[in-house]
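Chemist:
Number of protein chains: 2
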Amino acid sequence: MGIVLTSMPSSPHTTQRPPAPRDRVRVRAVAPGSVGNVGPGLDVLGLAVAGAGDAVVAERRPRTGIELVDAGHPDLPTDPARHASAIAALEVLRRAGAGDVGLALTVAKGLPLAGGQGGSAASAVAGAAAANALLGGPLDAGALLAACLAAEEAVAGRHLDNIAPSLLGGLVLVRSLDPITVTRLPLPATIADELAVVLVHPAQRLRTAEGRAALPASVPREVALAQAAQVAALVAALVAGDWALLAGAVEDRIAEPARAPLLPGFVEAKAAALAAGALGSSISGSGPTAFALARGRAAGERVAAAMVAAYAARGVASTARVTAPDLVGVRIEHLAPAD
Amino acid sequence: MGIVLTSMPSSPHTTQRPPAPRDRVRVRAVAPGSVGNVGPGLDVLGLAVAGAGDAVVAERRPRTGIELVDAGHPDLPTDPARHASAIAALEVLRRAGAGDVGLALTVAKGLPLAGGQGGSAASAVAGAAAANALLGGPLDAGALLAACLAAEEAVAGRHLDNIAPSLLGGLVLVRSLDPITVTRLPLPATIADELAVVLVHPAQRLRTAEGRAALPASVPREVALAQAAQVAALVAALVAGDWALLAGAVEDRIAEPARAPLLPGFVEAKAAALAAGALGSSISGSGPTAFALARGRAAGERVAAAMVAAYAARGVASTARVTAPDLVGVRIEHLAPAD
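If you read the protein sequences in the order shown, they are chains A and B.
Under the working numbering, the first sequence has 153 at position 153, and the numbering climbs by one with no breaks.
Each number in the working numbering comes from the position in the second sequence (counting from 1) with 339 added on.
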């Protein structure tokens, strides 16, 4: 059957047959963005999305440790100890028993910073996957998840709902962090082919830490149970390809009510999305990006336009993209030596 | 696709073509028991199980109102205003605008009282379905759910996780009570044919009200989110027919820890079930019945024997049955007049 537990393929997807280890001197890993939470699945559900991603080129260097040739964005730290890609890559070296290896990393950010599109997770995944590929793939997916979690914890918070889909692709359920128990859920062709994921990024900053601080420490039992039912309905709808059930299953009573007041225009953008035919809409991860799900690209485009207009009416500039689930996760490319 | 929302068939399953309304003077409805919660799905998930059920024979009588000819058990109230079957039947008359109709109900209890096997729900469902059939089926499934909820609320508590599977059959997700939003999830043939549901009823009494009083009013956010992930994993496993995922998905961090101390022998019986090969085990509804899931009847029998032995080792007598999902829900039979 389509669902697998953490027993995933031992190395991420490669676009070509890897060359012999001695030639693996340059590797590029590209990791997709993701929608964390997907509405009700706070911290436990994530969906990888196609299109923009973060890329890391890794090459060996004579000196041990990690050198950050390019951090990928002027606002990102150049200190490897504080950059998600470098932390994850170093953690891969450590876990692989390759502490004597030196790596130079060049990061290219395709995802927005602090956008709620899984950017820090994608940087970590790309860094970890590139380092692992350069070593010949000693770590399996579970160990890579752990390496990336260390990076995400350092820069954004201890959660896997962006890491896991960015690494594995598709829809991923995070059942436990200790031990890491992650389930990649199968998406039927109808969902994979038709689901439009609308991402609208308002010109706002909301650091993940702020978004998390807004969350309640405890929730009334009734809310917890209702939320569980919504997550189950959402997962059942996506796994069974049931569009009718999907409509209405993106309903979050824990994070969205806490974070919406921090995000001017979100409430209006969500209402506009639903009025324009979205099956559901909520905050992507901890925001500020708002997402919506729609059936078909054309519907997605209408929803995107409605959301941008709603933000604009509140005086908030925004950019939108309409994309689709990414079913592959991180891609590895073996490059020729630089010179 | 297999999943449907509350838009279910407008009347429950009948075993024969209903006769013309004037001849509908006696009807028997038999409603199956159910496992409420199914582990993590407290109040939101229920599974109908085959075998024992509660039966209600309804016939018209000249005087308006409900007469309880037989309450079904010496410990059940003979006052129609306090009996689940009669409350539900009266609610059906009211909702159907048939307040001038008189009904005589004869209840036969196949399910244990206060057992945690959905007995009060089955009595309500059988009473409501029999009354509805006698009227010619004016109420749809949504209205029948509402009628049964009124009865369950009066005798056991306001929840639908036994009512809905007993009425509809199969695995049912309760997403909301106000308004009633219930989703019947499709079970693939492998699950429907092979899943063994083990029910072990210890000689203990735990009233539903006591079981509910033990529940925490609020839960830490992390627990709520972990629980949501388990419900989603359980639903995904059952809907996708993934046995590997099912193993380990019956994990409840909210109700079971609160109720287990009230149920001597449960912890040992659960451990014995898992050691004997069960895929999962927890308390059925609010107990005292313990349930376990296993793959195949033979495995179910081994698990049942191990659980009974574990209770016995704690000095608790118990009876076990090994059954399977019931996919039909309440059955209606039109009877010939009594004389």
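All residues carry an ideal CB built from backbone N, CA and C; glycine is no exception.
DSSP three-state label for T529/B, please.
Modeler: The answer is helix: DSSP assigns T529/B an H, G or I state.
Chemist: Below 8 angstroms between beta carbons: does that hold for A209/A and P559/B?
Modeler: For A209/A and P559/B, no; Cβs fall outside 8 angstroms.
Chemist: With distances taken between CB atoms, is the gap from D591/B to L381/B smaller than 8 angstroms?
Modeler: Yes, these two residues count as a Cβ contact at 8 angstroms.
Chemist: Excluding sequence positions up to five away, which residues of its chain have a Cβ less than 7 angstroms from the Cβ of F291/A?
Modeler: V35, V197, V198, L199, S281, S282 and S284.
Chemist: Do the region 100-108 of chain A and the region 59-67 of chain A touch if we need at least three Cβ pairs shorter than 8 angstroms?
Modeler: The answer is yes - the region 59-67 of chain A touches the region 100-108 of chain A, with three or more Cβ pairs under 8 angstroms.
Chemist: Do L167/A and G329/A have their beta-carbon atoms positioned less than 8 angstroms apart in this structure?
Modeler: A contact, by the Cβ cut-off of 8 angstroms.
Chemist: Taking the beta strand (DSSP E) that I671/B falls in, what are its first and last residues?
Modeler: Per DSSP, I671/B belongs to the beta strand (DSSP E) from R670 to L674.
Chemist: If you reduce the DSSP assignment to three classes, tell me which class E67/A lands in.
Modeler: E67/A falls in the strand class under three-state DSSP.
Chemist: Consider the Cβ of P138/A: report whether some Cβ of chain B lies at a distance smaller than 8 angstroms.
Modeler: False, the Cβ-Cβ gap to chain B never drops below 8 angstroms.
Chemist: How would you list, in chain order, the residues of chain A whose beta-carbon sits under 9 angstroms from the beta-carbon of G380/B?
Modeler: What G380/B touches in chain A: L225, A228, A229 and A232.
Chemist: Is D326/A buried or exposed, if buried means 16 or more other CB atoms sit within 10 Å of its CB?
Modeler: It is buried - the Cβ of D326/A has at least 16 other Cβ atoms within 10 Å.
Chemist: Which residues, taken in chain order from the region 517-542 of chain B, show a beta carbon closer than 7 angstroms to some beta carbon of chain A?
Modeler: Those residues of the region 517-542 of chain B that come within reach of chain A (Cβ to Cβ, closer than 7 angstroms) are T522, L524 and P525.
Chemist: When you compare each of V647/B, N471/B and R421/B to V436/B by their alpha carbons, which one comes out closest?
Modeler: The amino acid occupying residue 436/B in the given sequence is Gly; Val does not appear at that position. That would be N471/B, whose Cα lies nearest to the Cα of G436/B.
Chemist: Could you name each continuous alpha helix (DSSP H) segment of 4 residues or more that falls completely within the region 91-176 of chain A, going from the start of the chain to the end?
Modeler: List check, alpha helix (DSSP H) in window: 119-134, 141-155 and 163-168.
Chemist: Using 10 angstroms around the beta-carbon of G265/A, count the other beta-carbons present and answer buried if the total reaches 16, otherwise exposed.
Modeler: Answer is buried; the Cβ neighbour count reaches 16.
Chemist: With respect to the beta strand (DSSP E) encompassing E398/B, which residues constitute its N-terminal and C-terminal limits?
Modeler: Looking at the DSSP string, the run of the beta strand (DSSP E) that includes E398/B is L384 to R400.
Chemist: If you measure from the beta carbon of L215/A to each beta carbon in chain B, is any gap under 8 angstroms?
Modeler: True, the Cβ-Cβ gap to chain B drops below 8 angstroms.
Chemist: Alpha carbon to alpha carbon, what distance is there between A310/A and Q204/A?
Modeler: Cα-Cα distance, rounded: 15 angstroms.
Chemist: Which residues of the region 494-508 of chain B have a Cβ closer than 8 angstroms to any Cβ of chain A? Give them in chain order.
Modeler: Result list empty, no residue passes.
Chemist: List, in order along the chain, the chain A residues whose C-beta lies closer than 8 angstroms to that of L386/B?
Modeler: None at all; the shortest Cβ gap to chain A is about 13 angstroms.
Chemist: Identify every run of the beta strand (DSSP E) within the region 263-287 of chain A, keeping only runs that are complete inside it and at least 3 residues long; order them along the chain.
Modeler: As far as the region 263-287 of chain A is concerned, its whole beta strand (DSSP E) runs of at least 3 residues are 280-283.
Chemist: With DSSP as the reference, identify every bridge partner of V35/A, one or two as the case may be.
Modeler: Paired residue(s): L47/A.
Chemist: Measure the C-alpha to C-alpha separation of P419/B and A269/A and round it to an integer number of angstroms.
Modeler: Their Cα atoms are separated by approximately 52 angstroms.
Chemist: With a cut-off of 8 angstroms, does the C-beta of A575/B fall near any C-beta of chain A?
Modeler: Output row for A575/B: interface = yes.
Chemist: Could you have a look at A298/A and say whether DSSP puts it in helix, strand or coil?
Modeler: Correct three-state label for A298/A: helix.
Chemist: Quick one, which of A128/A, L149/A, A229/A and D140/A has its alpha-carbon nearest I519/B's?
Modeler: Out of A128/A, L149/A, A229/A and D140/A, A229/A has the C-alpha closest to the C-alpha of I519/B.
Chemist: Going by alpha carbons, who is nearest to R95/A out of S85/A, A128/A, G119/A and L111/A?
Modeler: Of S85/A, A128/A, G119/A and L111/A, the residue nearest in Cα terms is A128/A.
Chemist: With distances taken from CA atoms, which of V366/B, G372/B, P379/B and A675/B is nearest A565/B?
Modeler: Taking only the C-alpha atoms, the option nearest A565/B is P379/B.
Chemist: Can you list the residues of chain B that V219/A reaches, using a CB-CB cut of under 7 angstroms?
Modeler: Under the 7 angstroms cutoff, chain B gives S557, V558, R560 and A563.
Chemist: Give the straight-line distance between the Cα atoms of A48/A and E595/B, rounded to the nearest whole angstrom.
Modeler: So the two alpha carbons sit approximately 34 angstroms from each other.
Chemist: Distance cutoff 8 angstroms, beta carbons only. Does A240/A sit that close to anything in chain B?
Modeler: Judged by the 8 angstroms Cβ criterion, A240/A is in contact with chain B.
Chemist: Taking the alpha carbon of A663/B as the point to measure from, which residue in G654/B, G411/B, E672/B and A637/B has its own alpha carbon closest?
Modeler: Answer by Cα proximity: A637/B.
Chemist: Could you list which residues in chain A have their beta carbon closer than 8 angstroms to that of V383/B, in chain order?
Modeler: What V383/B touches in chain A: L225, A226, A228, A229 and A232.
Chemist: If I follow the unbroken beta strand (DSSP E) through V219/A, where does it start and stop?
Modeler: Unbroken beta strand (DSSP E) run through V219/A: S218 to P220.
Chemist: For P179/A, which of helix, strand or coil comes out of DSSP?
Modeler: Three-state result, P179/A: coil.
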